[in-house]
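Comments concern the structure below.
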Amino acid sequence: VVIPDKMIELARDNKDMYVFYPHTVYQAYGKDFVDIVVDMDHWYDKLVDNPQVRKKKTNPRKLLDMIATLQGESGYPYIMFSDNVNAVNPLKDPVKFSNLCTEILQPTITSHYADYDKHDEDDIGMDVSCNLASGHMGNMIKHNTIKETVFAAMDVMNSVSNNTDITYVPAVAKANRLNRSVGFGIMGHHGFLAEQFIAYGSEENIDLIDVFFNTVNYYSLVHAMEKAKATGQVFHRFEDSAYADGSYFEGRGAIHPKTDKVKEIFADIDIPSDEDWQTLKENVMKHGLYNSHRLAVAPNGSIAYVMSATPSLTPIKQQVEERTYGNSKTYFPMPALATSAFMYESAYKIDNFKVIDVIATAQKHVDQGISFELGITSDITTRDLQKYYLYAHHKGIKTLYYTRTQKLKIDECEACAV
Numbered sequence: 125v126v127i128p129d130k131m132i133e134l135a136r137d138n139k140d141m142y143v144f145y146p147h148t149v150y151q152a153y154g155k156d157f158v159d160i161v162v163d164m165d166h167w168y169d170k171l172v173d174n175p176q177v178r179k180k181k182t183n184p185r186k187l188l189d190m191i192a193t194l195q196g197e198s199g200y201p202y203i204m205f206s207d208n209v210n211a212v213n214p215l216k217d218p219v220k221f222s223n224l225c226t227e228i229l230q231p232t233i234t235s236h237y238a239d240y241d242k243h244d245e246d247d248i249g250m251d252v253s254c255n256l257a258s259g260h261m262g263n264m265i266k267h268n269t270i271k272e273t274v275f276a277a278m279d280v281m282n283s284v285s286n287n288t289d290i291t292y293v294p295a296v297a298k299a300n301r302l303n304r305s306v307g308f309g310i311m312g313h314h315g316f317l318a319e320q321f322i323a324y325g326s327e328e329n330i331d332l333i334d335v336f337f338n339t340v341n342y343y344s345l346v347h348a349m350e351k352a353k354a355t356g357q358v359f360h361r362f363e364d365s366a367y368a369d370g371s372y373f374e375g376r377g378a379i380h381p382k383t384d385k386v387k388e389i390f391a392d393i394d395i396p397s398d399e400d401w402q403t404l405k406e407n408v409m410k411h412g413l414y415n416s417h418r419l420a421v422a423p424n425g426s427i428a429y430v431m432s433a434t435p436s437l438t439p440i441k442q443q444v445e446e447r448t449y450g451n452s453k454t455y456f457p458m459p460a461l462a463t464s465a466f467m468y469e470s471a472y473k474i475d476n477f478k479v480i481d482v483i484a485t486a487q488k489h490v491d492q493g494i495s496f497e498l499g500i501t502s503d504i505t506t507r508d509l510q511k512y513y514l515y516a517h518h519k520g521i522k523t524l525y526y527t528r529t530q531k532l533k534i535d536e537c538e539a540c541a542v
């Protein structure tokens, strides 16, 4: 579900909202509705006032309630806050939708295909390319290899991008060839917190995430710039981007630890300075960037367990994860259970407002999205679930992935049951 700011505004003011029939929008304006919904602040009143556009009146609060009901029952639908996405989109073309896991946020151009025997008349657009890798956050910090891990991951993803042959999906092949988009993400966040005796969502956690992701963003930019300098290649329409005119770097610079615990963790780690960021800005404006997109945090459940890491950035669901493969079951205990089990607060018990604060802090530094799962219990009301949506939107979260519900068991007296 793509939710523009206009819907949030009308829901907040308790006003009716119109939804529109896409084909009549195309008939009236010659534009696909997907190209209009990403600029709904500009288009909404025009569409409402145009009698040629077929429309239906609805209550946006009831629509949010319906979404919350469906998510509580099935975990779906996934949500993209389109204005949050495009407000910080450094590329000229807007992002219209995400991939299924909601971490890939790239501009697309609709393809138009001619009849089967007229392939030379096809107008091939550009579709998203999902080329991902994830680093183990704890290992990157403990071994002081943030730069090395980011550089290695970027090299691997670039190799995959450059050697991929997907001509049978021409719009994806075209975007991959011109943009070389990749997505480096993170696993092992909650596990590292537990090892360091840091509570999820605490001030120290926010501090850690801010410093870490600012550093990861810096080195991903350095790599993309150096690759462009070495190859003489920049991504498609770089010159029209916020990187080319330097505006992307406004408000960016050194972020140093504020809390004693995080100062201790980063004591021996080189944190990019304001001067480093300024030099990077000048080099990017001069040499360009090889990749249009660099960072995206995937859910990475199974691969995280194989790496003895907790998945992604979100809290764990349980201390020992059970997975069924074929006729066998595999059990994955979370890291450091022997010493830090009491530090693991389940996603179903932790305050989701704190989870949103953590994700929002990382999101400031991630050019694409973060695959963000909400953990709720079966007794939650749709009103409370909507509060999470609105708070996430307010904090600048771009997308919400799966909503996982834990069914609560009825409390019973064992003595009475015997």
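Residue numbers (my numbering): 125 to 542.
Idealized CB from N, CA, C, for every residue including glycine.
Because the structure is a prediction, the values reported are computed rather than measured.
| Check | Outcome |
| --- | --- |
| Suppose the cutoff is 7 Å on Cβ atoms and the five residues either side in sequence are ignored; what does the same chain contact list for ILE483 look like? | LEU437, ILE494, PHE496 and ILE521 |
| Rounded to a whole number of angstroms, what is the C-alpha to C-alpha distance between GLU538 and LEU532? | Reliability of the predicted coordinates at GLU538 is poor, the pLDDT of 38 falling under 50, and no value is obtained from them. |
| Taking the Cβ atom as the reference point for each residue, do HIS411 and ALA352 lie within a distance shorter than 8 Å? | yes |
| Cutting at 8 Å between CB atoms, please list the residues of its own chain near VAL274, excluding the five before and the five after it. | GLY259, PHE308, VAL340, TYR343, SER344 and HIS347 |
| Please say whether LEU498 and LEU461 have beta carbons closer to each other than 8 Å? | no |
| Among ARG528, PRO218 and PRO175, whose alpha-carbon lies nearest the alpha-carbon of SER365? | PRO218 |
| Secondary structure at LYS405, three-state DSSP: helix, strand or coil? | helix |
| Cβ atoms of LYS441 and SER464: under 8 Å apart, would you say? | no |
| Does DSSP put ARG136 in a helix, in a strand, or in coil? | helix |
| If you drop the 5 nearest sequence neighbours on each side, which residues of the same chain put their C-beta closer than 6 Å to that of ASP247? | HIS236 |
| Buried or exposed for ASP207, going by 16 or more other Cβ atoms inside 10 Å? | buried |
| On the three-state DSSP scale, how would you describe LYS522? | coil |
| Name, in chain order, the residues that DSSP records as bridge partners for TYR455. | GLU446 |
| Anyone know if the C-beta pair for MET458 and GLN443 falls short of 8 Å? | yes |
| May I ask you to report which of helix, strand or coil DSSP gives VAL421? | strand |
| Under the rule that 16 or more other beta-carbon atoms within 10 Å means buried, what is ILE290, buried or exposed? | exposed |
| THR529 bridges to which residues according to DSSP? | ILE500 |
| Taking 6 Å as the limit between beta carbons, can you name the residues of its chain near GLN510, skipping five residues before and five after? | LEU188 and ALA192 |
| If the criterion is Cβ atoms closer than 8 Å, does the pair GLY262 and GLY315 meet it? | yes |
| Please classify TYR168: does DSSP put it in a helix, a strand, or coil? | helix |
| PRO439 and VAL479 - do their beta-carbons sit closer together than 8 Å? | yes |
| Helix, strand or coil for THR485, going by three-state DSSP, please let me know. | helix |
| Where ALA541 and ILE474 are concerned, what is the direct C-alpha to C-alpha distance, given to the nearest angstrom? | Its pLDDT being 38, under 50, ALA541 is placed unreliably in this model, and the value from its coordinates should be taken loosely. Those two C-alpha atoms are separated by around 31 Å. |
| Within the continuous alpha helix (DSSP H) that includes ILE389, where are the two ends? | 384 to 389 |
| Going along the chain, which residues of its own chain have a beta-carbon closer than 7 Å to the beta-carbon of GLN487, five neighbours each way excluded? | ILE494, GLY520, ILE521 and LYS522 |
| State yes or no: is the C-beta of PHE373 within less than 8 Å of the C-beta of TYR414? | no |
| Between which residues of its own chain and MET431 is the CB-CB distance below 8 Å, once the five residues before and five after are set aside? | HIS260, MET311 and GLY312 |
| So, using beta-carbon positions, are VAL284 and ASN303 closer together than 8 Å? | no |
| With DSSP run on the structure shown, which of helix, strand or coil describes SER371? | helix |
| Looking only at its chain, what residues have a beta carbon closer than 6 Å to the beta carbon of VAL408, apart from the 5 residues adjacent to it on each side? | MET349 and TYR367 |
| Starting from LEU256, trace the beta strand (DSSP E) in both directions and tell me its first and last residue. | 256 to 260 |
| So if DSSP puts ILE233 in a beta bridge, which residue, or which two residues, is it bridged to? | MET250 |
| What did DSSP end up calling MET311 once you bin it into helix, strand or coil? | strand |
| Do you know how far the Cα of MET250 is from the Cα of TYR515? | 33 Å |
| Looking at the unbroken beta strand (DSSP E) that takes in ILE160, where does it start and where does it end? | From DSSP, ILE160 is part of no beta strand (DSSP E) but of the alpha helix (DSSP H) over 157 to 161. |
| DSSP on VAL125, reduced to helix/strand/coil? | coil |
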